[in-house]
Structures are given as C-alpha cells and as structure tokens.
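Per our numbering, the sequence shown starts with residue 142, numbered consecutively. Reviewing the structure listed below.
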Amino acid sequence: MSMNIFRLCGDMSHVFSIIVLLLRLRVAKNAQGISLRTHELFLLVFLTRYTDLFTTYYSLYNSVMKVLYIATTSSIVYTIRLQEPICSTYDKAQDTFRHWEFAVAPCAVVATLTHLIGGGGLFSFLDLQELLWTFSIYLEAVAILPQLIVLQRYREVENLTGNYVFFMGAYRALYIVNWVFRAYYEPGYRHHWVVYFCGVVQTLLYADFFYYYLMSKRRGGRFSLPTAQK
C-alpha cells in the first residue's frame, strides 16, 4: 500500500481533527455542541473496516494509524458518555438523530446487496471481512450527519468544534484525490466506484458547513450557521 502526498495530508488532517476535538473536550470540560452519536458511528466504522488489523500486515504506519483511530475514537465516546464533568454537559435533547435506524441499518442492507451483486459470498471469513469493509464505507459517508444536525441546532459554533469538523471534511476530500491518484499511478490499484460515490456524498454533506466556516474566517467574526426558522 503506497504513500502519496494526498493520502499523507488526508491522514494528517484526520489525526489533527481528532486532536482538536480531544483538546476541546479536555480544555473546555464540556461536550456542548458535540454529537456522541456521530462518534459512535465513527467507532463502528473503524471497528468494521480494520478487521484486517489481526490478519494482514501492510506497514508499521498503516497499523499504527488503525490503532490510533480506534483508540482515540473510543476515548471520545467514553469521555462524552461516562467521564465527569464532561458527560453531564452532553445535551441529549439536541443529539436526537436516530443513527441505528437511519444510518446503521440502511447501510447494512445496502452493503449486503452491493456485496452479493458484486459476486461476494457470506460463508467464509474473507467474504465477511469484505462485507464489513463495504459496510464501513457506506456508514462513514453519513456518520457526520448527527454532528451537523447538532451544530445546526446550536447555530453558534465554538472555534475548536468548527476546526474539528472542517479538518474531518478536508480529510475525506483529500482521500478522494488520493484514490483517483492511486488508480492512475499505482500498479494493481483500480477505480472503486462505491468508494468514489460514498466519498463524494460525504464531502457534499460538508459543503454548506465549509462555506460558512470559510466566510467566518474571512470576516474574523464568530462562526454561526443559518437557521431555517424565520
């Protein structure tokens, strides 16, 4: 699995976003404006995607990044759910997206259909591993939705929270370029249209946020999102 500048920048953007969020939780000691449900979805993404961590060794870098994503996301979920005084500030009333019904279940169905249509089976470990990987690709495309809904409800976006979401979006946009680059320049790597489709969907979900984030940085004022209410 080769490295290129787009993949490296994408990984660093992802890592930086996680560091920013952990810093935000530790310094502010509150979880206001943060969606626990988004991070539960991301944890499920990493756990189902990185099953090869125990079966296939690619490189030290690859293994470290996989462990890092699982460990840090687990830490975020634990902190928001259980660690005082942070967990007491988590506002369940704002984080109401029904992620099991409207994200996990549909992605599981679509992933299974994609896997079977593509000729995959269901009765071997490798088949199951491939199915879980496909599921993780679909789920990651929509995992940010609960967080975006929470921010829309709060409207006023705290600086570190805004930076966290921005770098998460930048990570996915850079990875789309990485996939295309690898398809053209890495021997044996082919275009994967499911990955492209999900990556584009995920990036488009950030589009409105990106616009208002960049406008707030340009003006130098507070970052707030518009509301549909008159």
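For glycine and all other residues, C-beta sits at the position ideal for the given N, C-alpha and C.
Pair within 8 Å by beta-carbon distance, residue i and residue j
| i | j | result |
| --- | --- | --- |
| C248 | L280 | yes |
| R331 | W274 | no |
| L366 | R313 | no |
| I217 | L164 | no |
| V342 | I317 | no |
| F364 | N300 | yes |
| L223 | K207 | no |
| Y354 | G303 | yes |
| A244 | L182 | yes |
| T253 | V335 | no |
| G262 | D268 | yes |
Chain-order list of residues whose beta-carbon lies under 8 Å from that of residue i (same chain, five-residue window excluded)
| i | result |
| --- | --- |
| I221 | L166, A172, I175, L177, H180, I227, C228, Y231 |
| C339 | I278, Y279, E281, A282 |
Coil, strand or helix - residue i by DSSP
| i | result |
| --- | --- |
| E281 | helix |
| F264 | coil |
| F157 | helix |
| E271 | helix |
| S216 | helix |
| E242 | helix |
| S200 | coil |
| E327 | coil |
| S365 | strand |
| E181 | helix |
| K371 | In this predicted model, K371 has a pLDDT of only 41, less than 50, meaning its place in the structure is not dependable enough to derive any value. |
Beta-carbon separation (whole angstroms), residue i vs residue j, contact threshold 8 Å
| i | j | result |
| --- | --- | --- |
| L315 | F147 | 5 Å |
| Y305 | V161 | 5 Å |
| F238 | I290 | 5 Å |
| F350 | G310 | 7 Å |
| F308 | S154 | 5 Å |
| I159 | T213 | 5 Å |
Chain-order list of residues whose beta-carbon lies under 7 Å from that of residue i (same chain, five-residue window excluded)
| i | result |
| --- | --- |
| G151 | Y312, L315, Y316, N319 |
| L188 | I211 |
| K358 | none |
| R294 | Q235 |
| V251 | Y279 |
Neighbourhood of residue i by C-beta, 6 Å cutoff - its chain only, sequence neighbours within 5 removed
| i | result |
| --- | --- |
| Q270 | T192 |
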